[in-house]
Amino acid sequence: MTEKTPRLRAALERVPTYKPGKPAAAGGPAAFKLSSNENPYPPLPGVLETAVAAAASLNRYPDLACTDLMAELADHFSVPLAHLATGTGSVGVAQQLVQSTAGPGDEVLYAWRSFEAYPIITRIAGATPVEVPLTGGAVHDLDAMLAAITDRTRLIFVCNPNNPTGTVVRRAELESFLDRAPAEVLVVLDEAYIEFIRDADVPNGLELYRDRPNVCVLRTFSKAYGLAGLRVGFAVAHEPVAAALRKTAVPFGVSHIAQEAAIASLRSEEALRERVEALVGERARVADALTGQGWTLPESQANFLWLPLGERTLDFAAACERAGVVVRPFAGEGVRVTIGEAEANDILVRVAGEFRKEL
Ligand SMILES: Cc1ncc(COP(=O)(O)O)c(C=O)c1O
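One gets the working numbering by counting positions in the sequence shown from 1 and adding 8 to each.
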């Protein structure tokens, strides 16, 4: 056999590995998974039945254009059909956005720490990531991000609320940022967690994109809608960008089951509201309990909380796991804890209280 191996792109050597949230051990002590910002509720009423019925046509390719889902989205969010594009989760759409705008020599700008897929999809495209540190309060430093724009910048991600800190950028600062960002640079407002926002000062990206052709809004069915396993997300952007997204999509990437389940989920708005409200209530309960124990955490508007534990990060994650909950540690920085079922949240609060006493 020859010693030679296929030539791979050098850019791949610098692609970081995506670390998925650790699963809860089956039958083990860590019964609850609070590591991937998933929704603890089962699919919304009627969605599972719809998905099962859709599975009957597994021998067929799905509708490439996602026609019915696109029509439902256009109606639900009052946006023109031509401004919509779907993809395999919003991470799939984010990758299409990078592929549509940036290649070798180009820069993709985002806050750091933020969603860990940003550096991966940037490197895969052969582009250069430019990471602007969050402020001391774990919030996007929009002025520093503006200052970091060069003539090579092609795309800027603004993750609102930010994963993993849960912090938000508010209307006045975001509008000022958008007003000053160059019109040729695409600004992507990643709103994966928008349904959990209760701060009235945080804008809905759909209001901001309308008269800004360089703004794209990214949404997902994975979080509030609870369809993480089906991989469907979408973008809303003006026509040239939306058209580019349709070109860069993996053909037939969004399955028929995912399309049908997403439509059924959009039609279950009341149940969605109730579940999100319950999770937001749990978020406040857990945040209050932790603050009462003496923890200082940034205010979260998402379905997770951020504990800036620094060097104690891995110890805390291990203590959680021993007690029955799996969290998401970022070594040396902090722990992200998803708000889950009340029982899991109770365990987390208990462990945090015990850990606090040892600090
Ligand atoms: C900020 C952000 N954007 C996008 C995603 C991707 O979600 P999905 O690909 O499941 O839509 C996530 C998932 O964790 C996220 O945190």
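By construction, the Cβ of each residue, glycine as well, lies at the ideal position given by its N, Cα and C atoms.
A quick note: this is a predicted structure, and the numbers were derived from the prediction, not measured.
DSSP state of residue i mapped onto helix, strand, coil
i           : result
residue 144 : coil
residue 137 : strand
residue 209 : coil
residue 167 : strand
residue 342 : strand
residue 328 : helix
residue 175 : coil
residue 111 : coil
residue 291 : helix
residue 256 : helix
residue 198 : strand
residue 371 : Any question about residue 371 goes unanswered here, given that the chain covers just 9 to 367.
residue 119 : strand
residue 227 : strand
residue 204 : helix
residue 283 : helix
residue 130 : helix
residue 162 : strand
residue 10  : coil
residue 73  : coil
residue 244 : strand
residue 41  : strand
residue 92  : strand
residue 20  : helix
residue 367 : coil
Chain-order list of residues whose beta-carbon lies under 7 Å from that of residue i (same chain, five-residue window excluded)
i           : result
residue 2   : Absent from the structure is residue 2, since the part of the chain shown begins at 9 and ends at 367.
residue 9   : none
residue 152 : 140
residue 128 : 23, 24 and 26
residue 46  : 236 and 346
residue 42  : 333, 334, 335, 345, 346, 348, 352 and 356
residue 63  : 265
Classification of residue i by the beta-carbon crowding that lies within 10 angstroms, buried from 16 upward
i           : result
residue 240 : buried
residue 4   : For residue 4 there is no data in the structure shown, the boundaries of the chain being 9 and 367.
residue 258 : exposed
residue 69  : exposed
residue 26  : exposed
residue 312 : buried
residue 173 : buried
residue 198 : buried
residue 231 : buried
residue 17  : exposed
residue 89  : exposed
residue 260 : exposed
residue 184 : exposed
residue 65  : exposed
residue 60  : exposed
residue 329 : buried
residue 31  : exposed
residue 340 : exposed
residue 131 : buried
residue 14  : exposed
residue 218 : exposed
Whole-Å CB distance - residue i paired with residue j, under 8 Å assumed
i           : j           : result
residue 177 : residue 147 : 7 Å
residue 244 : residue 23  : About 28 Å; that fails the 8 Å criterion.
residue 118 : residue 165 : 4 Å
residue 85  : residue 214 : 6 Å
residue 106 : residue 137 : Contact doesn't hold; Cβ gap of about 10 Å is too wide.
residue 263 : residue 54  : Wrong, their Cβ atoms sit about 18 Å apart, outside the cutoff.
residue 271 : residue 124 : Between residue 124 and residue 271 the Cβ distance is about 30 Å, and since that is not below 8 Å, they are no contact.
residue 363 : residue 338 : The Cβ separation is near 17 Å, so there is no contact.
residue 227 : residue 98  : 6 Å
Residues of its chain near residue i, where Cβ-Cβ distance is below 6 Å and the 5 sequence neighbours each way are ignored
i           : result
residue 249 : 224
residue 108 : 252 and 256
residue 83  : none
residue 112 : 134
residue 287 : 311 and 347
residue 94  : 74, 242 and 262
residue 122 : 167 and 170
residue 344 : 172, 312, 314 and 336
residue 247 : 90
residue 103 : 129
residue 291 : 347
Cβ shell of residue i (< 8 Å), same chain only, five flanking positions each side left out
i           : result
residue 157 : 117, 164, 189, 190 and 193
residue 309 : 169, 174, 175, 176, 201, 204, 205, 206, 207 and 210
residue 278 : none
residue 145 : 175 and 306
residue 162 : 109, 110, 114, 115, 116, 135, 193 and 194
Any chain C beta carbon closer than 9 Å to residue i
i           : result
residue 359 : The displayed structure is made up of one protein chain only, and chain C is not part of it.
Around ligand 1, Cβ to any heavy atom closer than 6 Å, ordered along the chain: 45, 97, 98, 99, 123, 167, 171, 198, 200, 228, 230, 236 and 241
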